[in-house]
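**Student:** Next up is a structure, given as structure tokens.
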Amino acid sequence: MTQQFDLFDANGAAPAKGKGSPNHSPAALSEDDMVRQLHETGRYRILRKLEPRLVITAARPEFPLKGVIIDTETTGLNHRKNEIIEIGAVAFTFDEAGNIGDVIGVYSALQQPSIPIPKEITRLTGITDDMVADQMIDPYELRAVVEPADLVIAHNAGFDRPFCETFSTIFAGKAWACSVSEIDWASRGFEGTKLGYLIGQAGYFHEGHRAVDDCFALLEVLAEGGGVSGPTPFAELYEASQRSRARIFAENSPYDMKDQLKARGYRWSDGSDGRPRSWWIEVAEDALDDELRYLRTHVYRFDDADPPIKRLTAFDRFRY
Numbered sequence: 003m004t005q006q007f008d009l010f011d012a013n014g015a016a017p018a019k020g021k022g023s024p025n026h027s028p029a030a031l032s033e034d035d036m037v038r039q040l041h042e043t044g045r046y047r048i049l050r051k052l053e054p055r056l057v058i059t060a061a062r063p064e065f066p067l068k069g070v071i072i073d074t075e076t077t078g079l080n081h082r083k084n085e086i087i088e089i090g091a092v093a094f095t096f097d098e099a100g101n102i103g104d105v106i107g108v109y110s111a112l113q114q115p116s117i118p119i120p121k122e123i124t125r126l127t128g129i130t131d132d133m134v135a136d137q138m139i140d141p142y143e144l145r146a147v148v149e150p151a152d153l154v155i156a157h158n159a160g161f162d163r164p165f166c167e168t169f170s171t172i173f174a175g176k177a178w179a180c181s182v183s184e185i186d187w188a189s190r191g192f193e194g195t196k197l198g199y200l201i202g203q204a205g206y207f208h209e210g211h212r213a214v215d216d217c218f219a220l221l222e223v224l225a226e227g228g229g230v231s232g233p234t235p236f237a238e239l240y241e242a243s244q245r246s247r248a249r250i251f252a253e254n255s256p257y258d259m260k261d262q263l264k265a266r267g268y269r270w271s272d273g274s275d276g277r278p279r280s281w282w283i284e285v286a287e288d289a290l291d292d293e294l295r296y297l298r299t300h301v302y303r304f305d306d307a308d309p310p311i312k313r314l315t316a317f318d319r320f321r322y
């Protein structure tokens, strides 16, 4: 039988609020009770408003490692010609097992670019020219948050890292991890990897008006992962960041193999970014031999083919 809240009397009238009458129904429920009853019907899904964690000045010693989540908004997609117009950073502690400890630093700032913000960027980000007028990212405050980090995390590090390294040398030499590509979200029951979807399925909603809001939101998703049992998403991410990978360049591959390579996950490099002009793919170290076997058997058809290989760690990955 469907449960109902007793907001009316037996005759269907709302209880009076006159003299001598209670100001609320005797059956009024607490917030926790309302949430519980709605859940029990099986017809409602409750999202909690995401509240940013407090910044702690004295972090717990059992979490000796430091991470920082970075999010940027830019004037476009090309780090060579476009500029950062907003950056958000949330620094936190964690341990070797991937357990998240305390938030130890936060930085958020807008920056006026050298050109007007394109209309499509304003539509996507909500950031206008008026908002960034005379605004500037403080390099010293940003350094204080980023420099101590053992690991920098971004939700699409392949986008954020090149922009960050172009913007400031404080990001050079840092180990990076990508919360899009280095976590198996599908195995955790998530049907997509966009941050807004992950937040919702993890049981939260947030008012993501600023980059730093998205940083706090990602921290909670990484810490909990929607209540799925086993290691947290952050533990999986941290473990993945410690494994080396191999980038294989199918240099001089036959032109008529391009569709097959693309279908297998290879991407094209035109050589302008310093890579060989070729199709390329990045695989786990333990998958390298199988991938080379595929290239030699199906692409080059030559057992001694030796395509260029570059081995990568978290210090090299996601650069460009």
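Per the working numbering, numbering through the sequence shown is continuous, rising by one, with the last residue being 322. All C-beta atoms in this analysis are idealised placements derived from N, C-alpha and C, irrespective of residue type, glycine included.
#1: Taking all protein chains shown into account, do 16 or more other C-beta atoms lie within 10 angstroms of the C-beta of I311, making it buried, or fewer, making it exposed?
#2: Using three-state DSSP, classify T77 as helix, strand or coil.
#3: Assign K176 to one of three DSSP states: helix, strand, or coil.
#4: CB-CB under 7 Å to P309, same chain, minus the five flanking residues each way: which ones, in chain order?
#5: Report the rounded CA-to-CA distance for N84 versus E143, giving the unit in angstroms.
#6: With R163 and W178 assumed to form a contact (beta carbons below 8 Å), what rounded beta-carbon distance in angstroms separates them?
#7: For S280, is the classification buried or exposed, using 16 other Cβ atoms within 10 angstroms of its Cβ as the cut-off for buried?
#8: Keeping to the same chain, check which residues put their C-beta closer than 7 Å to that of G210; ignore five residues upstream and five downstream.
#9: Where do the ends of the beta strand (DSSP E) carrying L314 lie?
#10: On the criterion of 16 or more Cβ atoms from any shown chain inside 10 Å, does Q203 qualify as buried, or is it exposed?
#11: Is I119 closer than 8 Å to A91 when the C-beta atoms are compared?
#12: With the cut-off set at 8 Å, would you say V2 and I201 are in Cβ contact?
#13: With burial defined as no fewer than 16 other Cβ atoms inside 10 Å of the residue's Cβ, what is the status of E33: buried or exposed?
#14: From the DSSP output, which residues share a beta bridge with R50?
#15: Counting only the same chain and skipping the five closest in sequence on each side, list residues whose C-beta sits under 6 Å from that of E238.
#16: Taking the C-alpha atoms as reference points, what is the distance between T127 and E75?
#17: Pull up the CB-CB distance for T234 and A225, whole angstroms please, since I reckon it's below 8 Å.
#18: Please classify F7: does DSSP put it in a helix, a strand, or coil?
#19: Which residues bound the beta strand (DSSP E) around V285?
#20: Would you say A248 and R190 are within 8 Å of each other, going by their C-beta atoms?
#21: If we ignore side chains and look at the alpha-carbon of each, how far apart do A265 and E293 end up?
#22: Apart from the five residues on each side of it in sequence, which residues of its chain come closer than 7 Å, Cβ to Cβ, to A307?
#23: Helix, strand or coil for F236? Go by DSSP, reduced to three states.
**Tutor:** According to the structure data:
#1: If you number the sequence shown from 1, residue 311 lands on position 309. Answer is exposed; the Cβ neighbour count stays below 16.
#2: Taking the sequence shown and counting its residues from 1, the one referred to as residue 77 is at position 75. It is coil, neither helix nor strand.
#3: By 1-based counting over the sequence shown, the position of residue 176 is 174. DSSP places K176 in coil when its eight states are reduced to three.
#4: As a first step, residue 309 is located in the sequence shown; it is residue number 307 there, counting from the start. Closer than 7 Å at the Cβ level, and outside the excluded window around P309, lie I250, F251, A252, E253 and L297.
#5: As a first step, residue 84 is located in the sequence shown; it is residue number 82 there, counting from the start. As a first step, residue 143 is located in the sequence shown; it is residue number 141 there, counting from the start. Each residue's alpha carbon lies about 23 Å from the other.
#6: Taking the sequence shown and counting its residues from 1, the one referred to as residue 163 is at position 161. Taking the sequence shown and counting its residues from 1, the one referred to as residue 178 is at position 176. About 5 Å separates the two Cβ atoms, so the contact holds.
#7: If you number the sequence shown from 1, residue 280 lands on position 278. S280 comes out buried.
#8: Position 208 of the sequence shown holds residue 210. Excluding sequence neighbours, G210 sits near D216 and A219.
#9: In the sequence shown, the residue the question calls residue 314 occupies position 312. Taken as a continuous stretch (DSSP letters only), the beta strand (DSSP E) holding L314 covers I311 to L314.
#10: Position 201 of the sequence shown, counted from the start, is the residue given in the question as residue 203. Per the 10 Å Cβ criterion, buried.
#11: Working through the sequence shown from its first residue, we reach residue 91 at position 89. Working through the sequence shown from its first residue, we reach residue 119 at position 117. No, the Cβ-Cβ distance between A91 and I119 is not below 8 Å.
#12: Since the first residue of the chain shown is 3 and the last is 322, residue 2 is not available in this structure.
#13: The residue you call residue 33 lines up with position 31 of the sequence shown. The residue is exposed, with fewer than 16 neighbouring Cβ atoms inside 10 Å.
#14: For the purposes of this step, residue 50 is taken as the residue at position 48 of the sequence shown. According to DSSP, which records beta bridges pairwise, R50 is partnered with Y206.
#15: Here residue 238 refers to the residue found at position 236 of the sequence shown. For E238, where only same-chain residues beyond five positions count, the Cβ hits under 6 Å are I185.
#16: Your numbering for residue 127 matches position 125 in the sequence shown. Your numbering for residue 75 matches position 73 in the sequence shown. Taken atom to atom, the span from the alpha-carbon of T127 to that of E75 is near 7 Å.
#17: Start at 1 with the first residue of the sequence shown, and residue 234 comes out as number 232. Start at 1 with the first residue of the sequence shown, and residue 225 comes out as number 223. So it is a contact: roughly 6 Å between Cβ atoms.
#18: Here residue 7 refers to the residue found at position 5 when the sequence shown is read from its first residue. At F7 the pLDDT is 44, less than 50, meaning the model places this residue with poor confidence; the figure from the coordinates comes in the next sentence. Coil, per DSSP.
#19: Locating residue 285 in the sequence shown gives position 283, where the first residue counts as 1. Counting along the chain, the beta strand (DSSP E) containing V285 begins and ends at S280 to A286.
#20: By one-based count along the sequence shown, residue 248 stands at place 246. By one-based count along the sequence shown, residue 190 stands at place 188. Result no, Cβ atoms of A248 and R190 do not sit closer than 8 Å.
#21: The residue you call residue 265 lines up with position 263 of the sequence shown. The residue you call residue 293 lines up with position 291 of the sequence shown. Using only the alpha carbons, I get a separation of about 14 Å.
#22: As a working mapping, residue 307 is identified with position 305 in the sequence shown. Contacts found: L297 and R298.
#23: Residue mapping note: residue 236 aligns to position 234 of the sequence shown, counting from 1. Residue state, collapsed to three classes: helix.
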